[in-house]
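Asker: Before anything else, here's the structure in question.
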Amino acid sequence: MRDRPFPAPQGSSLEWREAHHWSDRRRLEGLIHQCFAAEHDARIHHFLPRLFGLWQAALPQAAVGLQRADAGPLFQERYLDVPAERRLSEHLGRVIGRDGLAEIGNLASRRHGLQRRLFLHLIDQLAGEGLEWVVFTALPTVASGIRRLGIDLLALQPADPARLGDDRAAWGRYYDRGPWVMAGDLQLARHRLRAAGLLPFPREAVHERLA
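First residue of the sequence shown? That's 4 in the numbering used here, and the numbers climb one at a time after it.
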């Protein structure tokens, strides 16, 4: 199943890649800022250390950020009473290591149909790096889109904006839509996506033809 194409020159393609150069990162940050302002009247100035995008030439069409838990505190932990790996371990009844955990955020796209492609690439990327679990804040629409890919999500607790203190004002209407802190098993997700034929691209092939 394919998304309807957005306007693009004949023969153009989408490329999944991480922003390693400052100019690419600035473009992704600009897209994130623009999308959150338009959709939620939010003023986003916090960006995760690693940013990935779906690119049409030099123009990003969708973006998402990543922070490894073993590299420092996670934004998601502002909502939690305990470290993320402990909360996840309590929920699952088994020990989850911090070195296999990451958070994603800064999700933005020029149209919602691109989020499906973005998640497919992201899951393949993170599972390929050896990460086991991901935590994130999701609106109901985003969580539903992920579940439609056949991926199970764990709802850990509501994302309470009161936990953000003075930073709450910058998020506009975002929390009016009831986001939750959620988690997903990356290795299981990639296995299911491969079994469903949704990950046909090898790691070295990152282009998708718009059709």
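Note that CB positions come from ideal geometry on N, CA and C, so glycine has one too.
Excluding the 5 residues preceding and the 5 following Q160 in the sequence, name in chain order all residues of the same chain whose CB lies nearer than 6 Å to its CB.
Answerer: Mapped onto the sequence shown, residue 160 falls at position 157. V184, listed in sequence order.
Asker: Between the Cα of G168 and those of R81, E132, A186, D127, spot the shortest distance and give me the residue it belongs to.
Answerer: Within the sequence shown, the letter at position 165 stands for residue 168. For the residues R81, E132, A186, D127, the minimum Cα distance to G168 belongs to R81.
Asker: Who pairs with T144 in a beta bridge, going by DSSP?
Answerer: In the sequence shown, residue 144 corresponds to position 141, counting from 1. DSSP, once it has assigned bridges, lists no residue as partnering T144.
Asker: Exposed or buried, which one is F122 when buried takes at least 16 other CB atoms within 10 Å?
Answerer: Numbered from its first residue, the sequence shown carries residue 122 at position 119. Classification of F122: buried, given that the 10 Å Cβ count is 16 or more.
Asker: Is the distance from the Cβ of A72 to the Cβ of S112 below 7 Å?
Answerer: What you label residue 72 is simply residue 69 of the sequence shown in a count that begins at 1. What you label residue 112 is simply residue 109 of the sequence shown in a count that begins at 1. Not a contact, by the Cβ cut-off of 7 Å.
Asker: Compare the beta carbon distance of G68 and G33 with 7 Å and say whether it is the shorter of the two.
Answerer: As a working mapping, residue 68 is identified with position 65 in the sequence shown. As a working mapping, residue 33 is identified with position 30 in the sequence shown. For the pair G68 and G33, the CB atoms are not nearer than the 7 Å cut-off.
Asker: In the structure shown, what three-state DSSP assignment does A165 receive?
Answerer: On the sequence shown, residue 165 is found 162 positions in, with the first residue counted as 1. DSSP places A165 in helix when its eight states are reduced to three.
Asker: Use the C-beta contact count for A45: other C-beta atoms within 10 angstroms, 16 or more gives buried, fewer gives exposed.
Answerer: On the sequence shown, residue 45 is found 42 positions in, with the first residue counted as 1. A45 is buried by the Cβ-count criterion.
Asker: Alpha carbons only, please: which of H43, F39, A61 is nearest the one belonging to R176?
Answerer: The residue labelled residue 176 in the question sits at position 173 within the sequence shown. Of the candidates H43, F39, A61, the one whose C-alpha sits nearest the C-alpha of R176 is H43.
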